[in-house]
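Residue numbers (my numbering): -4 to 237.
Where is the CB? At the ideal position from N, CA and C, for every residue including glycine.
Below is one structure; the comments refer to it alone.
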Ligand code: GLP
């Protein structure tokens, strides 16, 4: 696990984007990018968009797979991850929408949607580089504490803490969905490289547990200690607990 501590959140975005761009270039024009929602990677996406706009990174044929989606939230809802990925990734980076995939949280058969998603990632050749944030309870994707370290894409129940963290995007806490469809920790670990970004003191405890704590299902992100090519890019505030 490579840990890079940056002076500022801007530097986090630049360093992480440079790493992601390097892997994408090495993987060729049809590279496969794993994308995360949340505020943590937004500046990183802006950096990638700038690289693409200036012609330094070709993204026209790149495929993308999102980590997760709420169950039962219509695609057109502004906070569905279909909408969020479209708004924050697909459009700014100029990706081909036909090559951008998000789990189908509206499927009548959620178990089938989960295995279809796993199959789609395999068919695309696997993820070359997975961008990650981390939840304040150590979750990655929506793999909440107690998630199996070998888990695959499946339905999960969101914890009270995650629902409270995400309530800022909904009118009331009651409007936050209770279930999600998320890539498993085993799915994420299959990515050939992982780049996790975190900024701010609110993430300091989760970051310390993820990097220096034991590998445990209680801190799902700690599984990245086992990944041969995991890079953790954090600012000084997020590094305060190390
Ligand atoms: C969400 C997402 C995660 C994200 C995390 C942190 O619940 N499912 O992929 O990493 O929460 O979000 P933020 O970056 O806004 O702190």
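According to DSSP, what are the bridge partners of residue i?
i           : result
residue 28  : 59 and 124
residue 95  : 59
residue 65  : 175
residue 297 : Here the chain covers residues -4 to 237 and nothing more, so residue 297 does not appear.
residue 193 : 229
residue 240 : The requested residue 240 does not occur in the structure, where the chain is confined to residues -4 to 237.
residue 151 : 175
residue 245 : Outside the modelled stretch of the chain, which goes from -4 to 237, sits residue 245, for which no answer is possible.
residue 138 : 135
From residue i to residue j, what distance separates their C-alpha atoms?
i           : j           : result
residue 136 : residue 178 : 7 Å
residue 72  : residue 32  : 15 Å
residue 74  : residue 100 : 13 Å
residue 176 : residue 17  : 30 Å
residue 217 : residue 142 : 11 Å
residue 125 : residue 168 : 30 Å
residue 43  : residue 97  : 20 Å
residue 226 : residue 66  : 30 Å
residue 234 : residue 163 : 25 Å
residue 196 : residue 23  : 37 Å
residue 191 : residue 104 : 31 Å
residue 8   : residue 39  : 4 Å
residue 55  : residue 132 : 35 Å
residue 232 : residue 172 : 30 Å
residue 28  : residue 107 : 23 Å
Helix or strand or just coil, what does DSSP make of residue i?
i           : result
residue -3  : strand
residue 85  : helix
residue 3   : coil
residue 132 : coil
residue 71  : coil
residue 167 : coil
residue 104 : coil
residue 160 : helix
residue 119 : coil
residue 181 : helix
Could you please go through the chain and list the residues whose beta-carbon is closer than 6 Å to any non-hydrogen atom of the ligand GLP? Those residues, listed in chain order, are 31, 32, 33, 34, 35, 62, 63, 128, 129, 130, 136, 137, 157 and 161.
Check whether the segment 141 to 155 and the segment 206 to 220 touch, using three or more Cβ-Cβ pairs below 8 Å as the test. Yes: at least three Cβ pairs fall under 8 Å.
Would the segment 35 to 54 and the segment 83 to 92 be scored as touching if the rule is three or more Cβ pairs under 8 Å? Output reads yes: the segment 83 to 92 touches the segment 35 to 54.
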